[in-house]
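Protein chains: 2
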Amino acid sequence: MQTLKVDLGERSYPIHIGEGLLDRPELLTPHIVGRQVAIVTNTTVAPLYLERLTATLAGYNVLPVVLPDGEAFKNWETLQLIFDGLLAARHDRRTTVIALGGGVIGDMAGFAAACYQRGVNFIQIPTTLLSQVDSSVGGKTGINHPLGKNMVGAFYQPAVVLIDTLSLRSLPERELSAGLAEVIKYGLICDEPFLTWLEEHMDALRGLDPQALTLAIERSCAAKARVVGADERESGVRATLNLGHTFGHAIETEMGYGVWLHGEAVAAGTVMALEMSARLGWISSADRDRGIRLLQRAGLPVVPPEQMDEACFMAHMSVDKKVLDGRLRLVLLRRIGEAVVTDDYPQEVLKATLVADYPALVDQLRG
Amino acid sequence: MQTLKVDLGERSYPIHIGEGLLDRPELLTPHIVGRQVAIVTNTTVAPLYLERLTATLAGYNVLPVVLPDGEAFKNWETLQLIFDGLLAARHDRRTTVIALGGGVIGDMAGFAAACYQRGVNFIQIPTTLLSQVDSSVGGKTGINHPLGKNMVGAFYQPAVVLIDTLSLRSLPERELSAGLAEVIKYGLICDEPFLTWLEEHMDALRGLDPQALTLAIERSCAAKARVVGADERESGVRATLNLGHTFGHAIETEMGYGVWLHGEAVAAGTVMALEMSARLGWISSADRDRGIRLLQRAGLPVVPPEQMDEACFMAHMSVDKKVLDGRLRLVLLRRIGEAVVTDDYPQEVLKATLVADYPALVDQLRG
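Line by line, the protein sequences give chains A and B. Residue numbers in the first sequence follow the numbering used here, run continuously in steps of one, and reach 367 at the last position. Residue numbers in the second sequence follow the numbering used here, run continuously in steps of one, and reach 1367 at the last position.
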């Protein structure tokens, strides 16, 4: 088992990473205050891991809250099911809410924990690669609004994050790829040597090689913990973690939440950020193509939906949380391994990026 | 103008109290960061003060969000109207949400500010006595759930609280009385000399004497600021501010939110807390009667609803936020001017308190 620490003063917490951690009560119980525990999970994850986690928590008064599965349910109506469950079972403010599932479960359970009786104890047990390397670390929680993704939420840190790498064995291939989009992101924004390592180990990762997976998760969580420790509330460097996300959120919102997986939309969005960085002359077209190739090898879409034109992207992006006083800030690459957040770019370059011929760009990679 | 300070480290903020403050932009603008401002108010307050506040904020991009009036609307559906308005008007994370209204508006606008894009700037302009002396200070925000009051919310501090005492001139008499319930509370829990002052000035207060009102508001806010500064997240002494509230919340929930005003329910609940403290032998029956008489003179109900029996009270109180690990903690009086939070009382005394003959108790006061 490896343990990292997210350094946030009195809200610091450990991230444990290893095989079979779901069966180790001693990693959880120091972080539970009362006798009441609510496990928030979904209809896909519950049959796989709910019984095991409940057995690990023997002696506690465990309330399972099983939600429908998918980003399409990341809304108030589903969140309300958590409050309904907690209140019906008379959970008090010393209860502990545990998120058992992917990013959607973590975001919703975390937001419920942040709001229930104005804040109760919270634990993350992410079971997808995407949530393990990204959303479970850093305290961002929330739900979607019909007019924008993650528009309602809270910064709320867990007491501990438990990553059992064995849970990836049950993960559909498409979701493994979606998680790899965020792993590749860390290489692009702040860790060029890791990007090279990923190029060498992409086949091992997709083949679920345990050693490669553990290293990729550790390195990703370490990068995220570093950035979050420096800027918890995203007033600066933390925004670089959103490489590809502004374009990607537009894709997710336009297509309807859950049609494209978050990681898939981020992958196509990252291609757009690479293209824009190249058009600005900040990275070479070879760097851009290097990123696109790696995303492709991870099994990810690298072309935005054909139906989305410039006006469509702009309409969605104008409600992005990175808009400040009417100016759209974007995460772009100064070079491979160094991201910046900027609103200092010619509007024509953004426009050209939105209307670029991505299918042709990808075709030439084959040549 | 008087200015108090709530001392919460980097989240400290001023409370300005005085006549005509609504027209003074220099008290607000230092606390607004961007150009976007959303004024959240309701259909009763908007015709009285929205135009004036909008004029005070000349030069800002002001979005009015006018909600239906009443505790019955303190729910998710109404909260959603705030998010809808902010998103439709493209307000970004540097927007400022201003609550212009009573406690319900303050709680909902504050919770919306806490959650919108994971937290935006917030200002309180309370227009009722109850919100001026209680809910606008201390950062408690939230909405009701069908199974319990204020069960979903956040601790979220404003940047400034602006109390314009002139706004009390438009307040219905019943709501002035409701506010006096909380004013009397401060005397009972921590300020015996203030209780004596209130006995001397109750007629002046109900007659809207400006000097008496200003002093009562100052003294109440100072007490609240002191307690909140010592215990922001209610792990200890802050809970004493809930004298009468556990019984009162049961009354509000059972009768349907908004049928009894919050202050009215607190008044009847305070009578029950006085009765229980007397039954425990902590205060004399003369002390109890002193409290009841003052509440009566403030124009408040001092008898719980006839229809509520012991089982009914217990069912509601078992979901109170002060329940910890199954034990119900109550705020009671050790003596006039000193409250305690305790779960150390014989269950029979609570039971006797719930079934006591309050109409008879009040009748004997006339004798």
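Ideal Cβ placement from N, Cα and C applies to all residues, glycine included. Predicted model, so just to flag it, every value in this text is computed and none were measured.
Spatial neighbours of Lys74 of chain A in its chain, beta-carbon cut-off 7 Å, leaving aside the 5 residues before and after: Here residue 74 of chain A refers to the residue found at position 74 of the first sequence. These residues qualify, in order along the chain: Val104, Asp107, Met108, Ile143, Asn144 and Tyr257.
By how many angstroms is the C-alpha of Gln1117 of chain B removed from the C-alpha of Val349 of chain A? The sequence position of residue 349 of chain A within the first sequence is 349, counting from 1. The sequence position of residue 1117 of chain B within the second sequence is 117, counting from 1. Rounded to the nearest whole angstrom, the C-alpha separation of Val349 of chain A and Gln1117 of chain B is 28 Å.
Taking the alpha-carbon of Tyr156 of chain A as reference, which of A:Pro146, A:Asp164, A:Leu171 and A:Lys140 has the nearest alpha-carbon? Here the question's residue 156 of chain A lines up with position 156 in the first sequence. Among A:Pro146, A:Asp164, A:Leu171 and A:Lys140, the Cα nearest to that of Tyr156 of chain A is on A:Lys140.
Please confirm whether Phe247 of chain A has its beta-carbon closer than 8 Å to some beta-carbon of chain B. Within the first sequence, the letter at position 247 stands for residue 247 of chain A. No, Phe247 of chain A lies away from the interface with chain B (no Cβ there is under 8 Å from its Cβ).
Closest to Tyr1013 of chain B by C-alpha separation, out of B:Asn1061, B:Gln1124 and B:Glu1338, would be which residue? As a first step, residue 1013 of chain B must be located in the second sequence, where it is residue number 13. Considering only alpha carbons, the answer is B:Gln1124.
Looking at Leu1162 of chain B: is its Cβ nearer than 8 Å to the Cβ of Leu1027 of chain B? Start at 1 with the first residue of the second sequence, and residue 1162 of chain B comes out as number 162. Start at 1 with the first residue of the second sequence, and residue 1027 of chain B comes out as number 27. Result yes, Cβ atoms of Leu1162 of chain B and Leu1027 of chain B sit closer than 8 Å.
How should Arg1093 of chain B be labelled, buried or exposed, when 16 other C-beta atoms within 10 angstroms of its C-beta is the threshold for buried? Sequence index remark: in the second sequence, residue 1093 of chain B carries index 93 (1-based). It counts as buried.
Just reading off the alpha helix (DSSP H) that Val355 of chain A is part of, what are its end residues? Here residue 355 of chain A refers to the residue found at position 355 when the first sequence is read from its first residue. Here Val355 of chain A belongs to no alpha helix (DSSP H), and DSSP marks it neither H nor E.
Pull up the distance between the alpha-carbon of Leu1004 of chain B and that of Lys1149 of chain B, whole angstroms please. One-based indexing of the second sequence puts residue 1004 of chain B at position 4. One-based indexing of the second sequence puts residue 1149 of chain B at position 149. Near 29 Å, if we compare the C-alpha coordinates of Lys1149 of chain B and Leu1004 of chain B.
Under 8 Å from the C-beta of Val1319 of chain B: neighbouring residues of chain A: Position 319 of the second sequence holds residue 1319 of chain B. Those within 8 Å of Val1319 of chain B in chain A are Leu87 and Arg90.
Met1001 of chain B, buried or exposed, once every other Cβ within 10 Å from all chains shown has been counted against 16: As a first step, residue 1001 of chain B must be located in the second sequence, where it is residue number 1. By the 10 Å Cβ count, Met1001 of chain B comes out exposed.
Residue range of the beta strand (DSSP E) that Pro14 of chain A falls in? Locating residue 14 of chain A in the first sequence gives position 14, where the first residue counts as 1. Unbroken beta strand (DSSP E) run through Pro14 of chain A: Tyr13 to Gly18.
Could you name the residues of the same chain whose beta carbon sits closer than 8 Å to that of Ile1082 of chain B, not counting the 5 residues immediately before and after it, in chain order? For the purposes of this step, residue 1082 of chain B is identified with residue 82 of the second sequence, where counting begins at 1. Counting only Cβ-Cβ distances below 8 Å, and skipping sequence neighbours, we find Ala1038, Val1040, Val1065, Leu1067, Val1097, Met1108, Ala1109, Ala1112 and Tyr1116.
Rounded C-beta distance between Val1266 of chain B and Gly1248 of chain B? I'm assuming under 8 Å. Translated into positions along the second sequence, residue 1266 of chain B becomes position 266. Translated into positions along the second sequence, residue 1248 of chain B becomes position 248. Yes, Val1266 of chain B and Gly1248 of chain B are in contact; Cβ-Cβ is about 4 Å, under 8 Å.
Which same chain residues, not among the five before or five after Leu1365 of chain B, have their C-beta less than 8 Å away from its C-beta? Here the question's residue 1365 of chain B lines up with position 365 in the second sequence. Around Leu1365 of chain B: Asp1289, Ile1292, Arg1293 and Gln1296.
Check the C-beta distance from Val1006 of chain B over to Val1160 of chain B and give it rounded, since I have them as a contact under 8 Å. One-based indexing of the second sequence puts residue 1006 of chain B at position 6. One-based indexing of the second sequence puts residue 1160 of chain B at position 160. Their Cβ separation, rounded to whole angstroms, is 10 Å, which puts Val1006 of chain B and Val1160 of chain B out of contact at 8 Å.
Any Cβ of chain B within less than 8 Å of the Cβ of Val152 of chain A? Stepping through the first sequence from its first residue, residue 152 of chain A is reached at position 152. True, the Cβ-Cβ gap to chain B drops below 8 Å.
Could you check if Thr43 of chain A is buried or exposed, using at least 16 other CB atoms within 10 Å of its CB as the buried criterion? Locating residue 43 of chain A in the first sequence gives position 43, where the first residue counts as 1. Counting Cβ neighbours within 10 Å, Thr43 of chain A comes out exposed, since fewer than 16 surround it.
For the stretch 1098 to 1121 of chain B, which residues have a beta carbon sitting closer than 9 Å to at least one beta carbon of chain A? Phe1111, Ala1112, Ala1114, Cys1115, Tyr1116, Gln1117, Arg1118 and Gly1119
State yes or no: is the beta carbon of Leu1147 of chain B nearer than 8 Å to at least one beta carbon in chain A? Translated into positions along the second sequence, residue 1147 of chain B becomes position 147. Yes, its Cβ sits closer than 8 Å to a Cβ of chain A.
Report yes if the CB atom of Leu57 of chain A is closer than 8 Å to the CB atom of His91 of chain A, and no otherwise. Taking the first sequence and counting its residues from 1, the one referred to as residue 57 of chain A is at position 57. Taking the first sequence and counting its residues from 1, the one referred to as residue 91 of chain A is at position 91. Result no, Cβ atoms of Leu57 of chain A and His91 of chain A do not sit closer than 8 Å.
With a cut-off of 8 Å on the beta carbons, I'd call Ala181 of chain A and Ala298 of chain A a contact; round off their distance for me. Within the first sequence, numbered from 1, the residue matching residue 181 of chain A stands at position 181. Within the first sequence, numbered from 1, the residue matching residue 298 of chain A stands at position 298. Confirmed, Cβ separation roughly 7 Å.
Which stretch, first to last residue, makes up the alpha helix (DSSP H) that contains Asp84 of chain A? What you label residue 84 of chain A is simply residue 84 of the first sequence in a count that begins at 1. Start and end: Trp76 to Ala88.
Where does Gly148 of chain A fall in DSSP's three states? Position 148 of the first sequence, counted from the start, is the residue given in the question as residue 148 of chain A. Of the three classes helix, strand and coil, the one that applies to Gly148 of chain A here is strand, per DSSP.
Buried or exposed by the 16-neighbour rule on C-beta atoms within 10 Å, applied to Pro1304 of chain B: The count along the second sequence starts at 1 and reaches residue 1304 of chain B at position 304. Looking at its Cβ environment, which holds 16 or more other Cβ atoms inside 10 Å, Pro1304 of chain B is buried.
With which residues is Pro126 of chain A paired in a DSSP beta bridge? Locating residue 126 of chain A in the first sequence gives position 126, where the first residue counts as 1. Note: Pro126 of chain A sits in a beta bridge opposite A:Gly101.
According to DSSP, residues forming a beta bridge with Val66 of chain A: Locating residue 66 of chain A in the first sequence gives position 66, counting from the first residue. According to DSSP, which records beta bridges pairwise, Val66 of chain A is partnered with A:Thr41.
Which of helix, strand or coil DSSP assigns to Ile993 of chain B: Because chain B spans 1001 through 1367 in this model, residue 993 of chain B falls outside it and cannot be assessed.
If you draw a straight line from the C-alpha of Pro1025 of chain B to the C-alpha of Glu1019 of chain B, how long is it? Against the second sequence, residue 1025 of chain B aligns to sequence position 25. Against the second sequence, residue 1019 of chain B aligns to sequence position 19. Using only the alpha carbons, I get a separation of about 14 Å.
Neighbourhood of Cys1312 of chain B by C-beta, 8 Å cutoff - its chain only, sequence neighbours within 5 removed: The residue labelled residue 1312 of chain B in the question sits at position 312 within the second sequence. Answer for Cys1312 of chain B: Ala1250 and Glu1254, listed in chain order.
Is the beta carbon of Val1341 of chain B less than 8 Å from the beta carbon of Ala1239 of chain B? Here residue 1341 of chain B corresponds to residue number 341 of the second sequence, with the count starting at 1. Here residue 1239 of chain B corresponds to residue number 239 of the second sequence, with the count starting at 1. For Val1341 of chain B and Ala1239 of chain B, yes; Cβs fall inside 8 Å.
With distances taken Cα to Cα, identify the nearest neighbour of Leu1087 of chain B among A:Asp23, A:Leu274 and A:His316. For this step, residue 1087 of chain B is matched to residue 87 along the second sequence. If we check each option's Cα against that of Leu1087 of chain B, A:His316 comes out closest.
Does Thr1095 of chain B come out as helix, strand or coil in the three-state DSSP assignment? Position 95 of the second sequence holds residue 1095 of chain B. Thr1095 of chain B falls in the coil class under three-state DSSP.
Taking Ser1318 of chain B as the reference, give the member of B:Arg1233, B:Cys1221, B:Glu1218 and B:Asp1343 with the closest Cα. Walking along the second sequence from the start, residue 1318 of chain B turns up at place 318. Taking only the C-alpha atoms, the option nearest Ser1318 of chain B is B:Asp1343.
Straight-line CA distance for Ala1352 of chain B to Thr78 of chain A? To locate residue 1352 of chain B, count along the second sequence from 1; it is residue 352. To locate residue 78 of chain A, count along the first sequence from 1; it is residue 78. When rounded, the distance between both Cα atoms is 41 Å.
Who are the neighbours of Trp1282 of chain B on chain A, taking C-beta pairs under 8 Å? Residue 1282 of chain B sits at position 282 when you count from the first residue of the second sequence. Neighbours of Trp1282 of chain B on chain A: none; closest Cβ ~25 Å, over 8 Å.
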